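Colleague:
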Amino acid sequence: MSLEYTSAEMMTVTAARALKNGMACFVGIGLPSEAANLARLTHAPQVTLIYESGTLQTKPDVLPLSIGDGELCESALTTVSVPEMFRYWLQGGKVDVGFLGTAQIDRYCNLNTTLIGDYQAPKVRLPGGGGAPEIATNAGEVFITLKHSPRAFVKDVDFITTLGFGRDGKGRDNVPNIGQGPTRVITDLCVMKPDPDDHELTVVSLHPGVTREQVQEATGWEIRFAAELETTPEPSERELEVLRELKARTARAHAGK
55 MSLEYTSAEM MTVTAARALK NGMACFVGIG LPSEAANLAR LTHAPQVTLI
105 YESGTLQTKP DVLPLSIGDG ELCESALTTV SVPEMFRYWL QGGKVDVGFL
155 GTAQIDRYCN LNTTLIGDYQ APKVRLPGGG GAPEIATNAG EVFITLKHSP
205 RAFVKDVDFI TTLGFGRDGK GRDNVPNIGQ GPTRVITDLC VMKPDPDDHE
255 LTVVSLHPGV TREQVQEATG WEIRFAAELE TTPEPSEREL EVLRELKART
305 ARAHAGK
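Per the working numbering, the sequence shown starts with residue 55, numbered consecutively.
1) Could you check what DSSP says for P236 in three-state terms: helix, strand or coil?
2) Any idea what DSSP makes of S87, helix, strand or coil?
3) In or out: T285 buried (at least 16 other Cβ within 10 Å) or exposed?
4) For A89 and T167, I'd like the C-alpha separation in whole angstroms.
5) Could you give the uninterrupted runs of the alpha helix (DSSP H) lying entirely in the segment 146-218, keeping only those of 4 residues or more?
6) How many angstroms separate the CA atom of V229 from the CA atom of A98?
7) Rounded to the nearest angstrom, how far is the Cβ of K209 from that of R161, given a contact under 8 angstroms?
8) When burial is assigned at 16 or more other CB atoms within 10 Å of the CB, is Y105 buried or exposed?
9) Give the DSSP-derived three-state secondary structure of R221 in the structure shown.
10) Compare the beta carbon distance of V258 and V269 with 9 angstroms and say whether it is the shorter of the two.
11) From what residue to what residue does the alpha helix (DSSP H) around T304 run?
12) Look up M246 in the DSSP assignment and give the residues it is bridged to.
13) Label T256 either buried or exposed according to how many other C-beta atoms from any shown protein chain fall within 10 Å of its C-beta, with 16 as the threshold for buried.
14) Report the residue from I189, A130, N75, H202 whose alpha carbon sits nearest the alpha carbon of M64.
15) If L131 sits next to Q111, beta carbons under 8 angstroms apart, how far is it from one beta carbon to the other, in whole angstroms?
16) Whose C-beta lies closer than 8 angstroms to the C-beta of D222 among residues of the same chain, with five residues either side of it excluded?
17) Considering only the beta carbon of each residue, do T153 and S61 sit closer than 9 angstroms?
18) Within the same chain, show all residues whose beta-carbon is closer than 7 angstroms to that of E291, passing over the 5 residues directly before and after it, in chain order.
19) Would you check if the distance between the CB atom of P187 and the CB atom of T215 is smaller than 9 angstroms?
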């Protein structure tokens, strides 16, 4: 009999499974952090989690509120300066995967965390890029996780904060000393990967119970589906138990209990 779980839990578990034991992962705050720590607490205990503030091999007991959360430094193997983090560790090719979230993503995996609307008169100002642009260009590959909606999945982002494959899908062509870029996008509906030829996002796996129509309705362009479309494996009882306890500990800690 199938376990009961939410679409958000499905997304987090699927994203966590993308990380392999022994990887060095540069982690973004929010959904990427939740997934990366779930991986560390389940199938990938030897994953090395790195945060932008300079914490290396950190093992937080609760999810951090920001990169400056003391939990990261207290539980890290060591903490280095931000310049060392980026120049030596990231640009030095020592990071296998960058795990990022975003406000907007387009068909070529470009990310927008800068603004919504016209640059001169934006409707909404967003937090900005932080370290994401450098992570996306220097990590070996990039995983992206976010909730699926027409507001998030747009044909063309309003502003390219973090390069995926450029406006035409060719932004990384013939560029030396650069990582693969995005290799998968995990949402609460499906898993997508860039097409190997033109880099446009293609749905490769639907989560249990999700239809093609649901994915299309939540996407701002005519989304492609793989010829051999898979069904994403459901979360296990242990994955759900560990995730729920992690989130419960985090809620208690942030409430001061």
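The beta-carbon is built from N, C-alpha and C at its ideal position, and this holds for glycine as well.
On a predicted model such as this, the values are computed, not experimentally measured, just so you know.
Modeller: Checking against the coordinates, here is how it stands:
1) Numbered from 1 along the sequence shown, position 182 holds the residue referred to as residue 236. Correct three-state label for P236: strand.
2) Position 33 of the sequence shown, counted from the start, is the residue given in the question as residue 87. Judged by DSSP in its simplified three-state form, S87 adopts helix.
3) By one-based count along the sequence shown, residue 285 stands at place 231. By the neighbour-count rule (16 or more Cβ atoms within 10 Å), T285 is not buried but exposed.
4) As a working note, residue 89 is residue 35 in the sequence shown. As a working note, residue 167 is residue 113 in the sequence shown. Approximately 20 angstroms between the Cα atoms of the pair.
5) Within the segment 146-218, the complete alpha helix (DSSP H) runs of at least 4 residues are 186-192.
6) Counting from one through the sequence shown, the residue named residue 229 turns up at place 175. Counting from one through the sequence shown, the residue named residue 98 turns up at place 44. Cα to Cα, V229 sits roughly 32 angstroms from A98.
7) Working through the sequence shown from its first residue, we reach residue 209 at position 155. Working through the sequence shown from its first residue, we reach residue 161 at position 107. 6 angstroms between Cβ atoms; contact.
8) On the sequence shown, residue 105 is found 51 positions in, with the first residue counted as 1. Burial call: buried.
9) Locating residue 221 in the sequence shown gives position 167, counting from the first residue. Per DSSP, reduced to three states, the secondary structure at R221 is coil, with no helix or strand assignment.
10) Position 204 of the sequence shown, counted from the start, is the residue given in the question as residue 258. Position 215 of the sequence shown, counted from the start, is the residue given in the question as residue 269. Their beta carbons are not under 9 angstroms apart, which means V258 does not touch V269 by this criterion.
11) Working through the sequence shown from its first residue, we reach residue 304 at position 250. 291-308 is the span of the alpha helix (DSSP H), which, as asked, contains T304.
12) Numbered from its first residue, the sequence shown carries residue 246 at position 192. In the DSSP secondary-structure assignment, M246 is bridged to V239, V257.
13) Walking along the sequence shown from the start, residue 256 turns up at place 202. Buried: at least 16 other Cβ atoms inside 10 Å.
14) Here the question's residue 64 lines up with position 10 in the sequence shown. For M64, the nearest C-alpha among the options comes from H202.
15) Stepping through the sequence shown from its first residue, residue 131 is reached at position 77. Stepping through the sequence shown from its first residue, residue 111 is reached at position 57. For L131 against Q111, the beta-carbon gap comes to about 4 angstroms, under 8 angstroms, which counts as contact.
16) Indexing the sequence shown from 1 puts residue 222 at position 168. Excluding sequence neighbours, D222 sits near Y162.
17) Here residue 153 is taken as the residue at index 99 of the sequence shown, counted from 1. Here residue 61 is taken as the residue at index 7 of the sequence shown, counted from 1. Going by the sequence as given, residue 153 is Phe instead of Thr. The answer is no: Cβ separation not under 9 angstroms.
18) What you label residue 291 is simply residue 237 of the sequence shown in a count that begins at 1. Cβ within range, chain order: L57.
19) Here residue 187 corresponds to residue number 133 of the sequence shown, with the count starting at 1. Here residue 215 corresponds to residue number 161 of the sequence shown, with the count starting at 1. Yes.
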